[in-house]
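>
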Amino acid sequence: MKSFHAVRSAYTLVCITLTAVFLLGVTWLQAHADDRANGAGNSATAKAASDAAASAEGQSDDEEYSQPYQPKSKTQLRRELTSIQYRVTQNEETEPAFRNAFWNNKREGVYRCVVCDLPLFESGTKYKSGTGWPSFWAPKNPKAVATRTDYVLFYPRTEVHCSRCGAHLGHVFDDGPADKTGKRYCMNSASLSFNTTEEEEVLAAKRAAEKKSDDAIKSKPTDAASKD
Ligand SMILES: [Zn+2]
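With mature numbering (1 follows the signal peptide of the UniProt record, and there is no 0) applied, the sequence shown covers -33 to -1, 1 to 195.
(1) Please state whether DSSP places ARG74 in a helix, a strand or coil.
(2) Which residue's Cα is closest to the Cα of GLU47: GLU167, ASP84 and SER180?
(3) Decide if LEU120 is buried, meaning its Cβ has at least 16 other Cβ atoms within 10 Å, or exposed.
(4) Can you look up VAL127 in the DSSP assignment and give me helix, strand or coil?
(5) Is DSSP giving SER102 helix, strand or coil here?
(6) Considering only the alpha carbon of each residue, which of GLN57, LYS179 and ALA68 lies closest to GLY99?
(7) With hydrogens ignored, establish whether the beta-carbon of CYS153 is closer than 7 Å to any heavy atom of ligand 1.
(8) What whole-angstrom Cβ distance do GLY143 and VAL127 have, given they're in contact under 8 Å?
(9) Tell me whether ALA134 counts as near ligand 1, meaning its Cβ is closer than 7 Å to at least one heavy atom of that ligand.
(10) At 4 residues or longer, what runs of the alpha helix (DSSP H) sit wholly inside the segment 134 to 169?
(11) Look at the alpha carbon of ALA176 and the alpha carbon of LYS150, and state the distance between them as a whole number of angstroms.
(12) Can you list, in chain order, the residues of its chain with a C-beta nearer than 7 Å to that of GLU165? Leave out the 5 residues immediately preceding and following it.
(13) How is LYS39 classed by DSSP in three states: helix, strand or coil?
This is the structure in structure tokens:
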């Protein structure tokens, strides 16, 4: 009788173990299926967001995002950038939360790449995320930033960099405002420079004047003379 009990106990133990292993396996499979589904959903959302941004922006400033760019040397970057700006943009370090220039900046204007001056984000899409880093729900133009997956923290995150010079900017997450794009572009202030709307207007006027004088130089001297 004793041996019967022993066999039955062993059999019960084996059954419990097998059931536990089976349940763990099912849970694991479900978790990964959810990840894949989320991934597909996220990229669809990202595309919808970037399409929306594209149609909102129009094609007016697309030209700015297709200008040729001469990459700067490490020496030049070290000369032009502060230590934290260099470490964040070139080595993908992260600045401290709340101890950075723009996390609480509420002024209206444009955030540009600190390395190459490309316009990246606008105050209109900046929102209070509570993270201590400047957060936006969309870039200024879908062509302004590019992304790739990184595993710095052992789990995949979507790294965001300047589409023109490749400067590291931060990461994008899927916990942004649900009534907007659902995206949170969590940026480092050290990767950005900021111009108020007025400063941007002055810059735009200066550029237009420069373009006009360039065009005048390029046109025939007789044409230029006949205008006066
Ligand atoms: Zn850049």
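Don't be surprised by glycine CBs; every beta carbon is placed ideally from N, CA and C.
Inspection of the coordinates gives the following:
(1) Along the sequence shown, one-based indexing puts residue 74 at 107. Reduced to three states, the DSSP call for ARG74 is coil.
(2) In the sequence shown, counting from the first residue as 1, residue 47 sits at position 80. Nearest C-alpha to GLU47: ASP84.
(3) Within the sequence shown, residue 120 is the residue found at index 153, counting from 1. By the neighbour-count rule (16 or more Cβ atoms within 10 Å), LEU120 is not buried but exposed.
(4) Start at 1 with the first residue of the sequence shown, and residue 127 comes out as number 160. Three-state result, VAL127: strand.
(5) Taking the first residue of the sequence shown as 1, we reach residue 102 at position 135. The three-state reading of DSSP puts SER102 in strand, counting E and B together.
(6) Taking the sequence shown and counting its residues from 1, one reaches residue 99 at position 132. Ranking the options by Cα distance to GLY99, first place goes to ALA68.
(7) Counted from its first residue, the sequence shown places residue 153 at position 186. Not one heavy atom of ligand 1 lies closer than 7 Å to the C-beta of CYS153.
(8) Counting from one through the sequence shown, the residue named residue 143 turns up at place 176. Counting from one through the sequence shown, the residue named residue 127 turns up at place 160. Contact check for GLY143 and VAL127: beta-carbon distance about 13 Å, past the 8 Å limit, so the pair fails to qualify.
(9) Here residue 134 is taken as the residue at index 167 of the sequence shown, counted from 1. Checking the Cβ of ALA134 against ligand 1 gives yes.
(10) Counting only runs of 4 or more, we get nothing.
(11) In the sequence shown, residue 176 corresponds to position 209, counting from 1. In the sequence shown, residue 150 corresponds to position 183, counting from 1. Between the alpha carbons of ALA176 and LYS150 lies a gap of roughly 37 Å.
(12) Position 198 of the sequence shown, counted from the start, is the residue given in the question as residue 165. Beyond the five residues adjoining it in sequence on each side, GLU165 comes within less than 7 Å, by CB distance, of no other residue in the same chain.
(13) Here residue 39 refers to the residue found at position 72 when the sequence shown is read from its first residue. Coil, per DSSP.
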